[in-house]
Structure formats: structure tokens, C-alpha cells
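Student:
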Amino acid sequence: MKKSNKEKIILVTGGSGLIGKSIIETLLNENYIPINIDIIPSSSSCEHYKCDITNEAEIEDTVNQIYEKYSRIDGLVNNAYPRKKEFAADFFDVEEKNLVNQLHFQLASYYLCCQKVLPYLQKNNGGSIVNISSIYGSVGNDFSLYKNTKMNPPGVYNMVKGGINSLTNYLAAKFGKDQIRVNTISPGGIYDNQEKDFVSKYIQKVPMGRMGHPDDISPIVSFLLSENSKYITGQNIMVDGGLTCL
-16 MKKSNKEKII
-6 LVTGGSGLIG
4 KSIIETLLNE
14 NYIPINIDII
24 PSSSSCEHYK
34 CDITNEAEIE
44 DTVNQIYEKY
54 SRIDGLVNNA
64 YPRKKEFAAD
74 FFDVEEKNLV
84 NQLHFQLASY
94 YLCCQKVLPY
104 LQKNNGGSIV
114 NISSIYGSVG
124 NDFSLYKNTK
134 MNPPGVYNMV
144 KGGINSLTNY
154 LAAKFGKDQI
164 RVNTISPGGI
174 YDNQEKDFVS
184 KYIQKVPMGR
194 MGHPDDISPI
204 VSFLLSENSK
214 YITGQNIMVD
224 GGLTCL
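Per the working numbering, numbering of the sequence shown is gapless, rising by one per residue and ending at 229.
Put into C-alpha cells, the structure is as follows:
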């Protein structure tokens, strides 16, 4: 029997952040039971577990606690994006140890969250994982957008997001037999009070003529968690106003 949204326990990492808050709100409105897994609490009414997703033991303990409480887990939204202060360093200024740290912080956390949740989805005879990536996991940056601004896109960001896209393909292929679906959402630029010059140039590049907002992303997450997407897996959905179609 298919589960209604109301019965689905969905873990959302980074549910206290800009996009995470919108994901939580949308899932609540659509009768899911979202659980916020974040080192920072939020003002949303959903249950919150404080967890550092760069710490394997904390991830495992948190996931186990949730399963013990609810006796099931139906989905995971890998949304958190932990970073260190070296994150914004220029390409030539990144030292090897910092590069390794960034890749561990950001890519390993996605891998480990999937690793700890997947056995419970197998017990559940199916489920859905949604990985939040970026268009820059699939295409290169248009560096003309950053000219005359203080913004300097870090190369490690593209490496991480490309890795997330590949991880999605691997998991979708490996666990499809268990009726577990794994998909990626790749947002374009999301408005977050960036420099005016950047915003002005960015929207001129976008066919729809604006930057994205968190509520452009969250309904797609809900769809991929629902039974309406029961035959969709291994996909990377660009949510970018048409930027990458050019």
C-alpha cells in the first residue's frame, strides 16, 4: 500500500538554512513529517535534532534515534552545506590540506548521511533521497558576472557539486532494485542579498529574468519525495529559470 505524505518521515539536513527552511515549511504544508537535522535550531514547528553532519558518529546516532522513535524512515533531503573559513579562498590560494578538509566537510557529509539512512529505507522496502546540488556541478561559472564585485567563486564548490551529481547516479543504480529512488536538484543562483551589480548582471543572463528563491526549490523536493515521482530516479533537475539551456 502506498504511503500518504502524512505518514512519511523525512530527514532534512540543514533545515535551518535559507533553502532548508523553505523545504521544511513546504513539507509541513503538504502533510509530511519533516525532521530538521542541523547544528543550528530553527523557528519551524517541526522536530529538530542537533547534529554535526561532518561527524560520522553523530550522524549515525541521530539517524538511529529517529528510527527508534518512529520505527521507520521514508526519505532524506541532503541539503546542508557545511564549510570552513577557507571555503572562499582564491583558486591559487587553496592549500592541499584545506582542499582535503573542504571535500571531506562537504562531500563526505552527503555520502555518510546516505550511508546511514539507506539501510532503513531498505527495511522500509523503498524510499526517496533528494540531494541538493547546484548548476555549477554540471556547468562552469560565467566569470563576467563577478567582475567589479567582491565575489570570487571557489573552485572546490564545483568539485563538490559535481561529486554529488555522480553520487546520485551511483546510488540510483545500486539501490533501484530496493525501490529506493535517488535524485538531484540543481538550483541556479538563489537570491540572498548579493551585491546589486552581480544581481543585475545575473538576471540579464536568465531567460525568466530573475534570480531564484527558496520556494522555487522546495516544491520540487516535495514532488521527488512523493508517490507522484515513483518512476523517477537518477535524475538531475535544473531549477534555474532556464540559465543552463543557453
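Cβ atoms here follow ideal geometry from the backbone N, Cα and C, with glycine treated the same way.
1. Report the option in Lys33, Asn38, Phe74, Gln218 whose CA atom is closest to the CA atom of Thr151.
2. When DSSP labels each residue in this structure, what does Val77 get in the three-state scheme?
3. Tell whether a beta-carbon distance below 9 Å holds between Gly172 and Asp223.
4. Keeping to the same chain, check which residues put their C-beta closer than 6 Å to that of Phe74; ignore five residues upstream and five downstream.
5. In chain order, which continuous runs of the alpha helix (DSSP H) of length 4 or greater are located wholly inside the stretch 81 to 115?
6. At the level of alpha carbons, what is the spacing between Gly123 and Asn135?
7. Alpha carbon to alpha carbon, what distance is there between Gly109 and Asn166?
8. Among Met142, Val204, Gln187, whose alpha-carbon lies nearest the alpha-carbon of Leu128?
9. Considering Cα atoms alone, identify which of Asn81, Val(-5), Lys68 is closest to Ile16.
10. Between the Cα of Ile23 and those of Ile147, Ile(-8), Pro102, Pro65, spot the shortest distance and give me the residue it belongs to.
11. Let me check understanding here. Comparing Cα to Cα, which of Glu(-10), Leu10, Lys67, Leu154 lies closest to Gly(-2)?
12. Output the distance between the C-alpha atoms of Gly58 and Asn131, rounded to the nearest integer angstrom.
13. So for Met(-16), helix, strand or coil by DSSP?
14. Going by CA-CA distance only, name the one from Gln105, Lys133, Tyr140, Tyr103 that's closest to Ser121.
15. Could you name the residues that DSSP lists as bridge partners for Met221?
16. Got a sec: does the ligand HEM put a non-hydrogen atom nearer than 8 Å to the Cβ of Glu39?
17. Apart from the five residues just before and just after Glu178, which ones in its own chain have a Cβ nearer than 6 Å to its Cβ?
18. Put Tyr15 into one of helix, strand or coil per three-state DSSP.
19. Tyr32 and Ile42 look like a contact to me (Cβ under 8 Å); what is the Cβ gap, rounded to whole Å?
Tutor: Here's the rundown:
1. When only C-alpha atoms are compared, the closest one is Gln218.
2. DSSP places Val77 in coil when its eight states are reduced to three.
3. By the CB criterion at 9 Å, Gly172 and Asp223 fall inside the cutoff.
4. Closer than 6 Å at Cβ, skipping near neighbours: Gly138.
5. The qualifying runs are 92 to 106.
6. Gly123 and Asn135: Cα-Cα distance of roughly 14 Å.
7. The straight-line gap from Cα to Cα measures roughly 14 Å.
8. Taking only the C-alpha atoms, the option nearest Leu128 is Gln187.
9. Looking only at Asn81, Val(-5), Lys68, the smallest Cα-Cα distance to Ile16 is reached by Val(-5).
10. Measuring from the Cα of Ile23, the nearest candidate turns out to be Pro65.
11. Nearest in C-alpha terms to Gly(-2), of all of Glu(-10), Leu10, Lys67, Leu154, is Leu10.
12. Distance between the alpha carbons of Gly58 and Asn131: 42 Å.
13. Its pLDDT being 43, under 50, Met(-16) is placed unreliably in this model, and the value from its coordinates should be taken loosely. Coil.
14. Comparing alpha-carbon positions, the option among Gln105, Lys133, Tyr140, Tyr103 lying closest to Ser121 turns out to be Tyr140.
15. Paired residues: Ser169.
16. For the structure depicted, the ligand HEM is absent and the ligand set is empty, with no information on it obtainable.
17. Around Glu178: Thr132.
18. DSSP places Tyr15 in coil when its eight states are reduced to three.
19. Actually they do not touch by this definition, with Cβ atoms about 10 Å apart.
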